[in-house]
DNA sequence: AGACTGACGGATC
DNA sequence: AGATCCGCCAGTC
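Residue numbers (our numbering): 130 to 252.
Here it is, written out as structure tokens:
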């Protein structure tokens with residue numbers, strides 16, 4: 130029975146975090162990796178999303194890189210598809226075609242103020 | 001074992 | 001702001 134062993138724990142954690150991303154918000158690979166305890170594994174986060182079943186990837190379009198750039202067409206057919214999904218949820222885009230992270234970046238945290246978008250001072 | 005790749009990120013130029 | 005290089009880490013050849 131425990132076929133869940135077929136999927137690495139790390140991947141399952143990634144999916145769990147992605148599922149928590151609320152509509153109208155996005156998160157980044159590095160943010161997810163950091164939430165899992167290893168900020169260096171940002172790449173593995175993207176990898177996990179690539180190798181996972183469709184059901185789990187439902188909200189994968191809410192994951193972008195640290196610049197807010199969309200992934201490209203290989204995952205959804207075209208970058209416009211992902212953008213369309215996000216815009217439909219109220220995510221704002223910059224003139225550059227990137228997600229406005231200053232308004233829509235969501236951070237996983239099981240604490241207070243999780244509803245409030247965090248403004249990345251690094252930007 | 002060595003080298004390359006990549007849904008990343010950060011530092012540097 | 002854009003281009004380039006480096007580091008990290010798992011998977012593949």
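Glycine residues also receive a C-beta, built at the ideal position from the N, C-alpha and C atoms.
Just to confirm my understanding: we take residue i, look at its own chain, exclude 5 residues before and 5 after, and list those with CB closer than 6 Å. What are they?
i           : result
residue 252 : Per-residue confidence for residue 252 stands at a pLDDT of 33, beneath the threshold of 50, marking its modelled position as unreliable; the derived number appears in the next sentence. Within the same chain, residue 252 has no close Cβ partners at all.
residue 221 : 229, 232
Nearest CA to the CA of residue i: which residue from the options?
i           : options            : result
residue 161 : 198, 216, 140      : 140
residue 169 : 229, 159, 175, 177 : 159
residue 229 : 193, 202, 200, 201 : 193
residue 135 : 177, 231, 223      : 177
residue 175 : 151, 207, 231, 142 : 142
residue 151 : 187, 171, 181      : 187
residue 197 : 207, 203, 167, 211 : 211
residue 340 : 179, 167, 173, 231 : Given that the chain is displayed from residue 130 to residue 252, the structure contains no residue 340 and the question cannot be resolved.
Return the Cβ separation of residue i and residue j in integer angstroms, given the expectation that the two are a contact with Cβ distance under 8 Å.
i           : j           : result
residue 219 : residue 153 : 4 Å
residue 223 : residue 155 : Rounded, the Cβ-Cβ distance is 13 Å, inconsistent with contact.
residue 195 : residue 157 : 5 Å
Here's a check: name, in chain order, each residue in its chain whose Cβ is nearer than 7 Å to the Cβ of residue i, leaving out the five neighbours to either side.
i           : result
residue 164 : 146, 237
residue 185 : 144
residue 148 : 188
Tell me whether residue i is buried or exposed, calling it buried when 16 or more other Cβ atoms sit within 10 Å of its Cβ.
i           : result
residue 235 : buried
residue 138 : exposed
In whole angstroms, what is the alpha-carbon distance linking residue i and residue j?
i           : j           : result
residue 227 : residue 233 : 11 Å
residue 217 : residue 166 : 32 Å
residue 181 : residue 172 : 14 Å
residue 183 : residue 207 : 17 Å
residue 209 : residue 225 : 14 Å
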